[in-house]
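Protein chains in written order, with my numbering: chain A, 573 to 1074; chain B, 684 to 826; chain C, 124 to 487; chain D, 10 to 419.
Think of the CB as a built atom: it goes at the ideal place given N, C-alpha and C, for glycine as much as any other residue.
Just so we're clear, the structure is a prediction, and the values are computed from it rather than from any experiment.
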Amino acid sequence: MGIDYLSPDYEVVRNPQRCIACRVCERQCANEVHSYDSEWKVMKSDDSKCVNCHRCVALCPTHALKIVKTDDTFKINANWTNEAIGEVFRQAGTGGMLLSSMGNPQPYPIYWDKILINASQVTNPSIDPLREPMETRTFLGKRPEKLERDADGSLVTDNLPPNLELSVPVLFSAMSYGSISYNAHESLARAARELGTYYNTGEGGLHEDFYQYGPHTIVQVASGRFGVHKDYLEAGAAIEIKIGQGAKPGIGGHLPGEKIVGDVSRTRMIPEGSDAISPAPHHDIYSIEDLRQLVYSLKEATNYKKPIIVKIAAVHNVAAIASGIARSGADIIAIDGYRGGTGAAPTRIRDNVGIPIELALAAVDERLRQERIRNNVSIVVGGSIRNSADIVKAIALGADAVYIGTAALLALGCHLCRTCQSGKCNWGIATQRPDLVKRLNPDIGSKRLVNLVSAWQHEIMEMMGGMGINSIEALRGNRLMLRGVGLNEKELEILGIKHAGE
Amino acid sequence: MKRVYVNEKWCLGCHLCEYNCAFANSGCDDMVKALKDVQIYPRIQIEQGNGINFAVNCRHCEEPLCVKSCITGALSVQDGVIHVDQDKCVGCYTCILVCPYGAVMPGPTGGVVQKCELCTNNSSGEPACVKGCPNRAIVFEER
Amino acid sequence: MQKEGAIRIPSGCAISGIFSRSGKRMNGEPIIQSISTMHDRSNGLGGGFAAYGIYPRSRDLYAFHVFYDSVRAKEECEKVIMANFDVTIAEKIPTREMPEITDEPLIWRYFGLPFEKLLKDTRLDEKEFVARFVTKVNTEIKGAYVFSSGKNMGVFKAVGFPEDVGRYYRLEDYEGYCWTAHGRYPTNTPGWWGGAHPFSMLDYSIVHNGEISSYDANRRFIEMFGYKCTLLTDTEVITYIVDFLNRKQHLSLKEAAQVIAAPFWSEIDRLPPEQQKKLTYLRNVFSSLLITGPFSVLLGFTGGLMALNDRLKLRSMVIGEKGDMFYVASEECAIQTIEPNIEHFRAPQGGEPVIVTLNEGVDA
Amino acid sequence: MNYVIIGNSAAAVGCVEGIRSIDKTGSITVISDEPHHVYSRPLISYLLYGKTDREKMKYRPDDFYEKNSVTALFGVTAEKVDYEAKKVVLNNGSSVAFDKLLFATGSSPFVPPMEGLDTVPKKFSFMKLDDAMALEEAIGPQSRVLIVGAGLIGLKCAEGIRGKVRELTVVDLAPRILPSILDEEGSDMVQKHIEKQGITFHLGTSVARFGAEKAELKNGETVEFDVLVLAVGVRPNTALAAEIGCKVNRGIVSDEHCRTNLDGIYAAGDCSESYDITEDQYRVLALWPNAYMQGETAGIDMAGGNQLYDKAIPMNAIGFFDLHVITAGSYAGEAYVTRTEDTYKKLITKDNLLKGFILIGEIARAGIYTSLIREKTPLDTVDFELIRERPQLMAFAAPERAVKLGGAKA
């Protein structure tokens, strides 16, 4: 072995005065950072193995542990940062692409944080959600082209294309069984049912145990077509065609063979141990008219009973692409911003490809309105919705609902260590190791998800009430309720909002 | 009556219950002070092996063999909780001989036995093992 | 300061309406008297009236009321009017000089019908043709503003207190079966004549007291259907919504009200399945036309009047009836002052449309 | 209903609590020839050792009789039972009427004839509180004590007084100590441990004759002593029962409801026999837990309830000078033995069942083994390899554990 050029990014700091050597840290670390020295009767830590997932910190009963960013540094260089140098070292050592997971962590502008929400003062009253109804129910899907009346003049109501009804405009975004654990899926499924919303299978198929959650499931059809069969399509409330995802636009997926075991293999309908490779494009979609064919194939296959979602990554030309999708027969467009999470992505792609969801959403919503087709399709956006204010802003910019992935995982215990690709998730989420999977008890997981979304719902209601709005549909596209701060003219123009003070 | 139930499906074998038990019964309000550099004698104990883990503590049987067998009368049932009067106990270990769960054990000094009393004998309130279980593998419920 | 159209201007207001079911024609005195009672609800930055049945001799012709900022605008606009309409009358709207009313624009009216051949060529129905024409003038001809475009009805509005506006327009000389009035309390406008209310589109006229919070959601949606919100006022967008739902989507006014001031889901979920289905359908299909925030609206249309409050009833509005007369106003006193012997006062519930129409057979 | 209990120890208390779990009002009379509130006889050695005191020795709180509405007659002996007239005649001339009667008469020390025994001035049995108090009175730091009998009673006595006397010698006819509960290896281990405390054993021999402050043994040795404790054995007190026609073998014969062959007459505790499921025969199982459970079973049956005492096994938990010994069952079968310097463990299996075990030194969770014997758990339904290593619930199948620990229904 030659020289290890890399030094650990994080250090495990143990307060020896507080440590009682109960060894919980040791037992709970799948990376084997901690060990007990029976000779010296002390706990030791190997920083180089630490991924900073905080499992040990969270479980240490005496709060004896913390993890700090190392202050070991190469010579300070604003251009050749420690990260940049370290990555070169790593690649010079391995010859491989850099892999990482979860969303883009780079310091690009976060537009949500440069948008402010309005409230009523004097001229119209704010509405108290504790006293008055405050509605967050919403529907996703197409609206009929025109109204019809039957012979006696009453309105025909069954010409409505299939819709998804949401009691709160938040859905759990696609995360496949395989990339996340059975218990994570069960938590999402149960929470979706309790909340009156939907979770999404991702490209991992639908485990037989979860067919019972079908009415709250969006089944995904992605380029690898894993786990897709008739019953699967019919089991879901909607079908999502995944073209791309924000974390890695233009890139396919790769779930290594070691994760394709047991139920994962069966659910994906591929042999155990074989790599699950999702091609970068759908090889039957090289153009927009091909998409239309797939949309209608799926509609045919499910007797026009399921809305079809087309999910794309937010890329430069997103407005035009969305317009094409809206005309393809799709009922819902899902747009995933560049901060969206993933179980594994090439680091360079994750950090450099795609555009912010805020701008993509504003551009798409406005474009579809200009083309007068906004009513033909619903818009769901994801790619780092972090809190209820982000949701309010997204809806005011024009979204019908939002997808949350990372936030949902955080609720389940994810600490964003961004090491999903290792398969050793200490929180039982991004792993298939039975001893780790069991760390996520769906009784707890689903409850935490329900708590999170319910809390956000309350906050959304509170903010809506403040604006004098008592129904989420009156917020949708209501950009007057937003103002920008610290944004330039172009950004304001794209977002379609005024600057604060205007 | 509320009892402690174990669901081994969710037990991680982290042993926190043991430490929380030892702390709750230490009479000390600082876990570090209570447990640092000492051998712990918890009243709940983890069994583990082959990827299976579970905690065992007193079941508070309705027909408690330990109480019936106790030669001193130190073991008694109080509001459904099997209580040991350590003052009375002489450490004959007849209860250890009969408990089908292996849930009665010698105390730290050996002269008397100890067992889970659902934290009715300390200031924890709810059983400390349950409160501290990170994965709801032990619950305290009426069933 | 920016005027209406350049910036969204919310405002509080007073409204009043009088309607005779039997088609009895009244001059403008009572409605002026009624609205002046609520003087304090206006601030002098706008007042106006809509009257139905006032042009019986030209009842089949579109009556365009137009403001011109300049002679040039007038010439430009008239060129377009004449090119599209067979205009039988073009005249200045009679006014009375008053110190309270200043900065008057040129105020003209035209009676006419679209040229038949032209209409046929566009393949539009007549109303749509007229609506598009009005939008075109208002968006494209600088300094010209069509503020009334229905048949046998007219809108009269100005910057000033409504009672002064009424006198200015000599409303005592007009007789109609339905009158609505508006006194305005905008919060940040210099006051512009076109920005005063009522807002009118074809024979729909709207007076409105409130400040809707759903404005931009409504505006951005309705603009997908060919409307252009040039004034950025609530009244404008509400008018377009009513026009869209009632005239274009053929919803009844009641159904339109169920979209605009939709019942809460909690109410809908309690209804029998058929009603539930219908209301859910309407809310879903026209979800972006739900209007939230406070409003009380009087919608005038040929042969009828609809009063509607927002679903939480965040603005006052009462109705009173005597014989076949129907009165509605922001405040009860505005009714009492013109009809002290009201038989029945009532405050309609939030979201409950109150619609009155001419008795059957009445040809007003 | 009149319930009468002759005796006032574990079986009697079990009977009272058994009756009262069903019948809250019937009259209960306890007849005790000792003048004491109910106390735990096995504790007399701990009393001498200083580990307990008279107050703590009380087996039940002071208000036990009152709370259970029991008429306790202390210091009174039952002379005779008149089965026809349904009454117990007392030595004070009065009698107590009964509908249901329990013999909980216990056992008495058995002293074989020994030459010169009457010449020994300070000789004691070691069964009752009064015995212990008399012994304590008689000994002092210079005492040389001879204990005849290396069984449980003799050795517990030895432990109890070791710290209070100068010399302590134990003599037993048997070649090893505790022969009734230990095998040879176990006896040897315990003996060595006890010897470390300065106690001398003379085994495989007996006292040929007692002389002045000395005992001559049959093997020719002489032991000098000034206090003698006789702990050769005990005999069940069965006379009263036998008189009225109860079937008596070594003890009074009672069935799994603790009924004797006579209607309304029950027997429980050291005076009775129970069915040892490890030996498949009736035996006297003179053990505190068995006595309590027999008494309780009898009480419940007397009051019209239904309880079975059908899991009796011999079992013992005993310790000498901090060396703990737990044993149960019978030792006939295939043995599995592990031994370390400080611990000894023997498991005996037969016919796919655990039949018995001996644990010395390491006794943790022994009850799991006991339970396998009591419940006759077929060993092929558990992971015997695992449980052989140490008692653990892991050896049971998961569904079984779910019942035991998870509240699942069996």
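- In this structure, the CA atom of A:Leu969 is about 6 Å from the CA atom of A:Ala934.
- Assignment of alpha helix (DSSP H) within the segment 808-870 of chain A, counting only whole runs of 4 or more residues, yields 834-840 in chain order.
- With three or more CB-CB distances shorter than 8 Å, the segment 277-296 of chain D counts as touching the segment 319-327 of chain D.
- C:Cys136 is positioned such that its CB atom lies no closer than 8 Å to that of C:Arg290.
- Counting of Cβ neighbours within 10 angstroms places A:Trp612 among the exposed residues, the total staying below 16.
- Of all C-beta pairs linking the segment 233-241 of chain D to the segment 127-140 of chain D, three or more are shorter than 8 Å, placing the two stretches in contact.
- From the listed residues D:Arg69, D:Tyr58, D:Ser117, D:Ala337, the smallest Cα separation to D:Gly365 is found for D:Ala337.
- Fully enclosed beta strand (DSSP E) runs of no fewer than 3 residues occupy 637-641, 687-689 of the segment 617-698 of chain A, in order along the chain.
- Around the beta carbon of C:Arg438, 16 or more other beta carbons sit within 10 angstroms, so the residue counts as buried.
- Distance from the CA atom of D:Leu52 to the CA atom of D:Asn17, rounded to whole angstroms, is 15 Å.
- Going by DSSP, C:Pro153 is part of no beta strand (DSSP E) but of the alpha helix (DSSP H) stretching over 152-160.
- Under the DSSP assignment, A:Tyr975 falls in the beta strand (DSSP E) whose first and last residues are 973-976.
- Per DSSP, the unbroken beta strand (DSSP E) holding B:Lys798 starts and ends at 796-798.
- Classified as buried, D:Ile261 has 16 or more neighbouring CB atoms from the shown chains inside 10 Å of its CB.
- Rounded to whole angstroms, the gap between the alpha carbons of B:Glu691 and D:Asp264 is 41 Å.
- Apart from sequence neighbours up to five positions away, the residues of its chain that approach A:Ala593 with a beta-carbon distance below 8 Å are Tyr608, Lys613, Val614, Met615, ordered along the chain.
- Minimum Cα-Cα distance from C:Met324 among the listed residues C:Val278, C:Glu334, C:Phe344 corresponds to C:Val278.
- Take C:His373, set aside five residues on each side of it, and no residue of its chain has a beta-carbon closer than 8 Å to its own.
- Taking the C-beta atoms as reference points, D:Ala221 is found no nearer than 8 Å to D:Ala20.
- When secondary structure is reduced to three states using DSSP, D:Phe119 falls in the strand class.
- Residue contact check for A:Ile1001 against chain C: no CB pair falls below 8 Å.
- For C:Glu239, the closest alpha carbon among the candidates C:Gly273, C:Glu220, C:Asp209, C:Thr262 is that of C:Asp209.
- The DSSP-derived three-state label of D:His202 is helix.
- In this structure, DSSP gives C:Arg232 an extended state, which the three-state scheme calls strand.
- Nearest to D:Met123 by alpha-carbon distance, out of D:Val98, D:Leu226, D:Ile186, is D:Leu226.
- Close to chain D, meaning a Cβ-Cβ distance shorter than 9 Å, are the following residues of the segment 785-809 of chain B: Gly785, Ala786, Val787, Met788, Pro789, Gly793, Gly794.
- For C:Val203, the uninterrupted alpha helix (DSSP H) run begins and ends at 194-207, by DSSP.
- Residue pairing from DSSP places C:Ser139 in a beta bridge opposite C:Ala304, C:Ala452.
- In terms of CA proximity to A:Val952, A:Phe744 leads the group A:Phe798, A:Leu1021, A:Phe744, A:Gln993.
- A residue is called buried when at least 16 other Cβ atoms come within 10 angstroms of its Cβ; C:Asn482 does not meet this threshold and is exposed.
- Counting along the chain, D:Lys165 sits inside the alpha helix (DSSP H) bounded by residues 161-170.
- Rounded to whole angstroms, A:Asp781 and A:Ala807 show a C-alpha spacing of 12 Å.
- Within chain B, the C-beta atoms nearer than 8 Å to that of A:Gln600 come from Leu695, Cys697, in chain order.
- In the structure shown, D:Ile367 adopts extended strand secondary structure according to DSSP, grouped into three states.
- The three-state reading of DSSP puts C:Tyr291 in helix, counting H, G and I together.
- Residue environment: C:Phe256 is assigned as buried (16 or more neighbouring CB atoms within 10 Å of its CB, all protein chains considered).
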